[in-house]
Amino acid sequence: MNDQPEAAPTVVDARGTACPMPIIMLAKAAAGLSPGSDVTVLATDVAARYDVPAWARMTGHEFVGESETDGGALALTVRLRS
Amino acid sequence: MQRSRVYLDSGGAAPLSDRVADALRAGFADGWADPARLGSESRRARALLDGSRDAVADALGARPELVHFTASPHAAFNRAIAGIHAARRGRHRILVSAIERDALLNAAAFVAPHAVDTVDGDREGHVSIEHLTAALRSNDVALAAVQHANQELGTVQRLEDVARATQAAGVPLLVDATSSIGHIDPPTYWDALVAHPADWGGPAGIGVLALEPHTRWLPAWPEGDDWAPGGISVPLALASAVALQERNEHRQREGARLSALVDRIRARAAELTGVDVLGDPDERVPHIVTFSCLYVDGEVLLSELDRRGFAVGSGSACVSGTLEPSRVLAAVGALTHGNVRVALHPGVTEQDVDRFLAELPDALAAVRSRIGAPHIAS
Chain A
0 MNDQPEAAPT VVDARGTACP MPIIMLAKAA AGLSPGSDVT VLATDVAARY
50 DVPAWARMTG HEFVGESETD GGALALTVRL RS
Chain X
0 MQRSRVYLDS GGAAPLSDRV ADALRAGFAD GWADPARLGS ESRRARALLD
50 GSRDAVADAL GARPELVHFT ASPHAAFNRA IAGIHAARRG RHRILVSAIE
100 RDALLNAAAF VAPHAVDTVD GDREGHVSIE HLTAALRSND VALAAVQHAN
150 QELGTVQRLE DVARATQAAG VPLLVDATSS IGHIDPPTYW DALVAHPADW
200 GGPAGIGVLA LEPHTRWLPA WPEGDDWAPG GISVPLALAS AVALQERNEH
250 RQREGARLSA LVDRIRARAA ELTGVDVLGD PDERVPHIVT FSCLYVDGEV
300 LLSELDRRGF AVGSGSACVS GTLEPSRVLA AVGALTHGNV RVALHPGVTE
350 QDVDRFLAEL PDALAAVRSR IGAPHIAS
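Just so you know, the sequences run in chain order A and X.
Mapping to numbering that gives the first Met the number 0: the first sequence position 37 is 36, numbers consecutive.
Mapping to numbering that gives the first Met the number 0: the second sequence position 231 is 230, numbers consecutive.
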């Protein structure tokens with residue numbers, strides 16, 4: 000996992016899971032990524048809208064923004080601290 | 000040896016002291032009759048009810064004739080919002096802070112469907128006076144509601160500033176004081192106020208609504224000027240008054256003691272990895288603190304702490320079973336899961352808090368490991 004190319008968009012699919020799983024999946028994925036890369040969580044749990052920015056703040060990363068997928072899921076992007 | 004239980008969940012449900020339990024028994028012995036009837040037994044019940052109301056009014060700094068016992072704080076919110084809104088003919092909208100109680104928000108949404116406007120605040124929970132003032136510029140505001148202290152964050156609002164804004168706009172201010180009365184001085188500025196006896200060590204099943212003399216209202220219900228249709232339990236009213244009196248007698252000393260214990264909890268929790276301590280550290284009620292923990296299901300953490308002898312509360316969506324996460328926590332940018340709310344009462348000792356703080360890191364680690372949380376550096 001550590002040598003994953005930086006250019007590849009990392010997507011964590013947490014759709015269908017409830018809190019705190021989206022955050023746990025995000026943190027696990029983030030641990031294997033290089034600093035400065037972006038990671039996007041897909042979630043259907045509405046709490047993720049608040050929890051992903053809170054996670055970024057608490058762990059020193061940067062919350063980039065949210066959008067909605069075609070399927071109606073939340074897509075929340077975090078940039079890992081460099 | 001079996002260790003005794005430690006109850007740290009007294010927000011809105013504090014244990015009854017011996018004196019309050021005695022008052023409850025006395026109330027049932029002497030105040031069982033219907034206070035609305037004419038016989039001697041009823042007059043005795045009436046006297047107890049009136050005396051209880053006088054005592055509560057005195058503690059609130061309110062006029063006794065404008066203090067009403069209600070069936071619950073919910074009933075008080077419903078009546079205050081409906082009655083005041085009805086008297087503001089031609090004005091429809093209701094302004095609320097983002098961290099008001101669900102009971103208040105539900106009452107507002109019922110009375111003014113699709114016409115409830117939320118005023119945001121800062122990360123510690125203080126409502127934005129600037130945004131409130133701007134929202135009050137509309138001439139369609141019937142009523143504003145801003146709480147005194149928040150039940151989860153403990154943060155105390157700057158009600159002088161809030162009231163200055165509502166008074167300048169000529170808009171009545173409803174203050175939810177259900178987490179502050181009995182813990183700090185009552186608020187000075189309000190047009191209607193709701194309080195909750197069970198929060199100050201009184202019995203469950205009763206609420207308090209106080210109005211200012213100038214506050215206009217109309218009966219938006221069939222019972223006219225009867226604020227508590229069906230009557231009020233005299234024993235519950237009496238025990239509520241006794242509980243408030245008892246709390247206020249010891250408030251300075253107890254407040255300082257509990258506040259120091261909360262400081263200790265805040266400091267220790269903040270040292271733990273992935274734990275965020277919420278609310279204003281200084282402008283707060285003495286007895287409440289909430290912290291949120293990463294990678295934890297709040298319900299599982301509560302159960303783990305309960306198994307170890309500690310009852311705490313939570314604002315987690317996972318616990319309350321609702322799909323929407325806690326409005327309060329979302330509004331202040333907090334993690335909405337893994338929350339622990341501690342609400343102390345006078346029976347909690349320093350040793351209780353130290354035992355809790357000694358168990359907390361281990362309970363947290365156990366729950367995180369069970370859910371497969373990522374390893375986090377400590």
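Idealized CB from N, CA, C, for every residue including glycine.
Roughly how many whole angstroms lie between the Cα atoms of residue i and residue j?
i	j	result
residue 193 of chain X	residue 15 of chain A	40 angstroms
residue 225 of chain X	residue 162 of chain X	28 angstroms
residue 30 of chain A	residue 23 of chain X	58 angstroms
residue 272 of chain X	residue 367 of chain X	12 angstroms
residue 95 of chain X	residue 111 of chain X	12 angstroms
residue 61 of chain A	residue 36 of chain A	10 angstroms
residue 47 of chain A	residue 40 of chain A	9 angstroms
residue 318 of chain X	residue 36 of chain X	Interpretation of residue 318 of chain X is limited by its pLDDT of 48, a score under 50 that renders its predicted location unreliable; no figure is taken from the coordinates.
residue 10 of chain X	residue 32 of chain A	43 angstroms
residue 31 of chain X	residue 67 of chain X	19 angstroms
residue 196 of chain X	residue 213 of chain X	25 angstroms
residue 278 of chain X	residue 21 of chain X	36 angstroms
residue 298 of chain X	residue 304 of chain X	10 angstroms
residue 308 of chain X	residue 351 of chain X	10 angstroms
residue 300 of chain X	residue 148 of chain X	26 angstroms
residue 335 of chain X	residue 325 of chain X	6 angstroms
residue 38 of chain A	residue 281 of chain X	37 angstroms
residue 229 of chain X	residue 104 of chain X	25 angstroms
residue 215 of chain X	residue 85 of chain X	9 angstroms
What do you reckon, is the C-beta of residue i under 6 angstroms from a heavy atom of the ligand MG?
i	result
residue 140 of chain X	In the structure on display, the ligand MG does not appear, and there are no ligands present to speak of.
Using a C-beta to C-beta distance shorter than 7 angstroms, which residues of chain A count as neighbours of residue i?
i	result
residue 284 of chain X	Going along chain A, no residue has its Cβ under 7 angstroms from residue 284 of chain X, so there is no contact; the nearest lies around 24 angstroms.
residue 373 of chain X	23, 26, 27 and 30
residue 360 of chain X	None at all; the shortest Cβ gap to chain A is about 17 angstroms.
residue 329 of chain X	49
Taking all protein chains shown into account, decide if residue i is buried (16 or more other Cβ within 10 angstroms of its Cβ) or exposed.
i	result
residue 179 of chain X	buried
residue 290 of chain X	buried
residue 14 of chain X	exposed
residue 117 of chain X	buried
residue 267 of chain X	buried
residue 237 of chain X	buried
residue 4 of chain X	exposed
residue 251 of chain X	exposed
residue 338 of chain X	buried
residue 39 of chain X	exposed
residue 76 of chain X	buried
residue 355 of chain X	buried
residue 348 of chain X	exposed
residue 253 of chain X	buried
residue 313 of chain X	buried
residue 185 of chain X	buried
Could you tell me which chain A residues have their CB closer than 8 angstroms to the CB of residue i, listed as they occur along the chain?
i	result
residue 336 of chain X	18, 19, 22, 46 and 50
Going along chain A in order, which residues have a C-beta closer than 9 angstroms to the C-beta of residue i?
i	result
residue 332 of chain X	49, 52, 53 and 56
residue 370 of chain X	19, 20 and 23
Is there at least one Cβ from chain C nearer than 7 angstroms to residue i's Cβ?
i	result
residue 112 of chain X	Looking for chain C here will not work: the only protein chains present are A and X.
Checklist entry - When Cβ atoms are compared, which residues of the region 24-49 of chain A fall closer than 7 angstroms to chain X? => result Answer set for the region 24-49 of chain A: 26, 27, 30, 45, 46 and 49.
Checklist entry - Can at least three beta-carbon pairs, one atom from the region 278-294 of chain X and one from the region 247-258 of chain X, be found at a separation below 8 angstroms? => result yes
Next on the checklist: For the pair the region 163-176 of chain X and the region 140-151 of chain X, tell me if three or more CB-CB distances fall below 8 angstroms.
Outcome noted: yes
Item to check | Residues of the region 8-20 of chain A with Cβ closer than 9 angstroms to any Cβ of chain X, in chain order | outcome: 17, 18, 19 and 20
Next on the checklist: What are the residues in the region 52-68 of chain A lying within 9 angstroms of chain X by C-beta distance?
Outcome noted: 52, 53, 54, 56, 57 and 58
Checklist entry - Relative to chain A, which residues along the region 258-289 of chain X have a C-beta separation below 8 angstroms, given in chain order? => result 273 and 275
Checklist entry - For the region 143-176 of chain X, which residues have a CB atom closer than 8 angstroms to at least one CB atom of chain A, in sequence order? => result If the cut-off is 8 angstroms between Cβ atoms, the region 143-176 of chain X has nothing near chain A.
Checklist entry - When the Cβ atoms of the region 148-158 of chain X are set against those of the region 114-129 of chain X, are three or more pairs found closer than 8 angstroms? => result yes
Item to check | At least 3 beta-carbon pairs within less than 8 angstroms: the region 202-209 of chain X vs the region 49-61 of chain X | outcome: yes
Item to check | Stretch pair the region 53-72 of chain A + the region 337-349 of chain X: three plus CB contacts closer than 8 angstroms | outcome: no
Checklist entry - For the region 292-315 of chain X, which residues have a beta carbon sitting closer than 7 angstroms to at least one beta carbon of chain A? => result 293, 294, 295 and 296
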